Structures are given as C-alpha cells and as structure tokens.
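Notes to accompany the following structure.
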Amino acid sequence: MSRSILWFRRDLRLDDHPALIAAAASGDVVPLFVVDPAFADAGPARLAFLAGCLRELHRATRNALVIRAGDPSAVVPALAAEIGVDTVFATEDFGPYGRRRDAAVSEALAAAHRRLELVGSPYAVTPGTVTRDNGQPYAVFTPFSRAWRAIGWDEPADGPRLRWAHGVDSDPLPEAPGVDAELPPGGERAAQDRLHAFLDTDLATYDVGRDRPDLDETSHLSPYLRWGCLHPRQILTHLGRSRAHDRFRAELAWREFYADVLFRQPRSAWWNLDDRMDAMEVDTGAPAKDRMASWSAGQTGFPIVDAGMRQLHATGWMHNRVRMVTASFLVKDLHLPWQWGARHFLAHLVDGDLASNNHGWQWVAGTGTDAAPYFRIFNPLTQSQRFDPEGDYIRRWVPELTGVGDDIHAPSAGKGPPLGYPAPMVEHATEREEALRRYARVTGRTTTPGTASSR
DNA sequence: TTTTGAGTTGTTCGA
DNA sequence: GTCGAACAACTCAAA
Numbered sequence: 003m004s005r006s007i008l009w010f011r012r013d014l015r016l017d018d019h020p021a022l023i024a025a026a027a028s029g030d031v032v033p034l035f036v037v038d039p040a041f042a043d044a045g046p047a048r049l050a051f052l053a054g055c056l057r058e059l060h061r062a063t064r065n066a067l068v069i070r071a072g073d074p075s076a077v078v079p080a081l082a083a084e085i086g087v088d089t090v091f092a093t094e095d096f097g098p099y100g101r102r103r104d105a106a107v108s109e110a111l112a113a114a115h116r117r118l119e120l121v122g123s124p125y126a127v128t129p130g131t132v133t134r135d136n137g138q139p140y141a142v143f144t145p146f147s148r149a150w151r152a153i154g155w156d157e158p159a160d161g162p163r164l165r166w167a168h169g170v171d172s173d174p175l176p177e178a179p180g181v182d183a184e185l186p187p188g189g190e191r192a193a194q195d196r197l198h199a200f201l202d203t204d205l206a207t208y209d210v211g212r213d214r215p216d217l218d219e220t221s222h223l224s225p226y227l228r229w230g231c232l233h234p235r236q237i238l239t240h241l242g243r244s245r246a247h248d249r250f251r252a253e254l255a256w257r258e259f260y261a262d263v264l265f266r267q268p269r270s271a272w273w274n275l276d277d278r279m280d281a282m283e284v285d286t287g288a289p290a291k292d293r294m295a296s297w298s299a300g301q302t303g304f305p306i307v308d309a310g311m312r313q314l315h316a317t318g319w320m321h322n323r324v325r326m327v328t329a330s331f332l333v334k335d336l337h338l339p340w341q342w343g344a345r346h347f348l349a350h351l352v353d354g355d356l357a358s359n360n361h362g363w364q365w366v367a368g369t370g371t372d373a374a375p376y377f378r379i380f381n382p383l384t385q386s387q388r389f390d391p392e393g394d395y396i397r398r399w400v401p402e403l404t405g406v407g408d409d410i411h412a413p414s415a416g417k418g419p420p421l422g423y424p425a426p427m428v429e430h431a432t433e434r435e436e437a438l439r440r441y442a443r444v445t446g447r448t449t450t451p452g453t454a455s456s457r
C-alpha cells in the first residue's frame, strides 16, 4: 500500500481540502506540520492561535499529526526519506516567502527523485488567474471583483475517506506562547461554529452593522481564513443576492484582490506600490519613534484611536472600521511610515495576513492600488461620533473614560483630561493641513482642500 | 481608436 | 441642523 505526506500550512482543516483529497486517492496519508523558524515573525498572539489550531488538527487526525521543527527544505525531504514516501502533497502558497520556501523544498525533494505536488489554493479564485481582456492584471478593485465573480468557484467538497498513517516519530505539539490577550478558539470546528453563528445572526444586516465597532457585528472569521481552518468557498456557498450578502462577498473579494496583487508584485509587501509616493516626506527620527510608542500603547489622547489599539493588545483583533481610523491617524496625523504601522499590526493581529494587512495600509497611506484620494483624511472625532455614537466601544477598552458622559469622544475639550487619560498628543486640524502640504509637495499641486483660504 | 464614466470605507465649507 | 459642492489627477474598462 502506497502512502504520501500531506504537508499542512495555511489549510488547517480536513473538509473541502483538494490537496488532502489528492493525497487520500494515493493511499495512506501522513499528516505533517513543520514548525518553521520563520514563524518567529508572526508574533505571540498568532502563534498561540496556531497552537490551538494544531491541537485540534491533531485530534481530528486521530493523533496522527506529525510535527517537525526546522527549515522545511531540510525537514520535509528528511521525513520523506525516513518513511519512504515519494510524493508530498500541499496546498499552493502564493505569498513571497511561501513561494521561495516551496521552490527550495521542491528542489530538495527532486534531488532524491521525489516531488512536491501543489493542489488547490487558499482562495476561491487562484491568484494570477483574474486578468483583463488584454491579459494584464486588474489594478482597481471594482473591475477585478466583477471578473472574479464571473470566473466563479467550485462548491465545497466533502472531506475524503482516508486512513491516517500512525507510528511516525513526531516532535511535540508547539506550546502556545504565553499571551495576555484573550484569543478565539482555534481549529476547524471552532471555525464552523463561528461561521454558522454569523450566518444565523449578523450576516443579514452586515451592510450596515459592519461599520459599528460598538455593536461588533462583523464575522470574526479572519483568523480562521488566515490559517485555512475555513476555505472561502465554504462561506461563499451560503451567500445569496441580498445587499448584505453582496457586501460580505465583496469583503472576501478584497482578500482575493490583495492576494492577487501581492502574487503579481511581491515587492509591494513592504514597498510603495505607487513608487511616485517614495518622494513623500515621512518622519523617522527620535520624536517619530516617541509618537509611534504613544500610538501603539493606546495613549494618543484620541479615545477612538486608543480604544482600537488597546482592543488589539487585549484580544489580538481590532474592528475593521477602527483599523482604518488608527491607521489613518498614524499616517496622516503622526506622519509616520505606513510600514511601521503594518509591522505593528502584523506582530499583534491574530488574523495578520501580509497581503490584506499591508495593502490595506497602503490604501490608507495613498500609496497602493485603488489608493484613497489624497484628501480623504479621517477625522478621529467625526468617525468616533458616527460609528460609536454612545461611546460604548470606547468605554469598553479605555477604562479611564468609563465615567465620562457625552463628551467621551473628545474628553479634554474645554477642560483638562480625565484622571489618568492623556491630553490629545496633536491637534488634528493642524496635522491634517501638514499631511495635505506633504501630499501637495509630491504631486506638485499648490492648493489644498477644505480651507477657505485656499479657495 | 477614441471617448467617457467611474473609482470601498471622507471632510469641510457655505448656503 | 442639513445638504450639495468641492477637493486632483489618473487609470481602467466598457462603449
């Protein structure tokens, strides 16, 4: 009886798993997860969530999961040789690191006449396949999403009948690093539970509810998508034609769009997609580092910003609307490089994904695909009043402000800040003007919007 | 080939 | 308080 290895990476589930189906078709399956030293970049919250996912996967494979720690290009061929397996199946990875890693593993396996077989992808539509009529990639979201929907996707497939191979030596399951953050439960079963809870409740009003951090009606599926505990096909199959469903489908399309952009332009992970923006002045000296510290600690004196940063540290997650507000504040009010914010988010987010995170930051900074117009600068006060009208979100995460009433959105206005809460670290109107001046210098424009004197 | 309309998430000003 | 206009310039994609 022949056997093969199924190397799990960002596909930590057994249902709707094309690579697993392919592996099962060729005999017994050795389920493998490699604890790659490169994971050190992931940050403790994401690693703790991963550890939970692996415990669940171990259980789901009837304790057959093999853990090996080390560089995959050494570890995977070594295991294949050790147990006499010719083919290693895996889901294709489209990120810059994953592609390099898989090329190295493939080469090392080939040297011993073995092979890495890549089947399926973490996306409904494989990155690189949505193209314009002339074969070029789309550079703006809306036409991409139309073409993406037109291509379509398969229905989810059931998990295969298979026999797990037991008795292979394994390193211990990785320990979850100690984190203060309260994290969601990992694994495929938790992902399905969350999906069905969302489908039964908040999805119906997603188009309006999604913007309200106080109501918290987003899906919370991002960590599960990040590790493939859930495939987007498994969500899309439940979506119909309503406004709310369309809206949620569009959010999944954004994830696929950014994966496509990163696949085609791997450099855009950390470099401006629009290199004309390289001329943009950003602050990087010692005072900038102090401003960065206040931002990341949730001590800016802007309640909605501080609430978001503290939610991030307390839970490894931040509401999407607040991600935009905090990101805009870092870029437009503090004039720091978007890369600093992106790095911080990746270090703390349980759902941190290079493509979605960094291109989202580029969108805010106006350096990316589909960039926000230069004049779209979030006003932290307006955003707070509009999307957290009663201040409930702020009170939940900024305990110093629990007793503050109607002026919770700007508690220092007209008087001193409440005990233990800092005064605003900058004046928004001033920094908005400064941001507009810097953009004008790059683009050669002479006027700025929104001021009477400039008309 | 040329033209035309549109483009995630906003803010401010002035009527 | 509400509402429309203005805030650039460019790319993309369909007509």
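For the first sequence, the working numbering assigns the number 3 to the initial residue and increments by one for each residue that follows.
We put the beta carbon where it would ideally sit given N, CA and C, even for glycine.
The structure displayed is predicted, hence computed values, not measured ones.
query, result
"Sequence-distant residues of its chain with Cβ nearer than 6 Å to Gly452 (five each side left out)", "Summary for Gly452: the model assigns pLDDT 43, below 50, so the residue's position carries little reliability; its value from the coordinates is reported in the next sentence. Answer for Gly452: no residue qualifies."
"Cβ shell of Val307 (< 7 Å), same chain only, five flanking positions each side left out", "Val327, Thr328, Phe331 and Pro382"
"Span of the beta strand (DSSP E) around Ser6", "Arg5 to Phe10"
"Of the listed residues His350, Arg345 and Asp353, nearest to Gln364 (C-alpha basis)", "Arg345"
"Test item: CB-CB of Leu8 and Val127 under 9 Å", "no"
"Reduced DSSP secondary structure (H/G/I, E/B, other) of Glu177", "coil"
"Burial state of Ala454 (16 or more Cβ within 10 Å)", "At Ala454, the pLDDT of 32 sits below 50, so the modelled position is not reliable; the number obtained from the coordinates is stated separately. Exposed, by the Cβ-count rule."
"Residue nearest to Pro186 in terms of C-alpha spacing, selected from His222, His198, Leu175 and Trp166", "His222"
"Under the three-state DSSP convention, the category Asp216 falls into", "coil"
"Segment limits, beta strand (DSSP E) that includes Phe347", "Looking at the DSSP string, Phe347 is not in any beta strand (DSSP E); the run it does join, the alpha helix (DSSP H), is Trp340 to His350."
"Beta-carbon proximity check, Thr369 vs Asp276, cutoff 9 Å", "yes"
"Distance CB(Arg134)-CB(Ala149) smaller than 9 Å", "yes"
"Proximal residues to Ala271 (C-beta, below 7 Å), its chain only, five neighbours per side dropped", "Pro98, Leu264, Leu356 and Asn360"
"Phe380 in three-state terms, based on DSSP", "coil"
"Exposure label - Gln313; buried when at least 16 CB within 10 Å", "buried"
"Where the beta strand (DSSP E) containing Phe91 begins and where it ends", "Thr89 to Ala92"
"For Pro391, three-class secondary structure by DSSP", "coil"
"Three CB pairs or more closer than 8 Å across the stretch 432-443 and the stretch 332-339", "yes"
"Bounding residues of the alpha helix (DSSP H) (the contiguous stretch that carries Leu59)", "Pro46 to Ala62"
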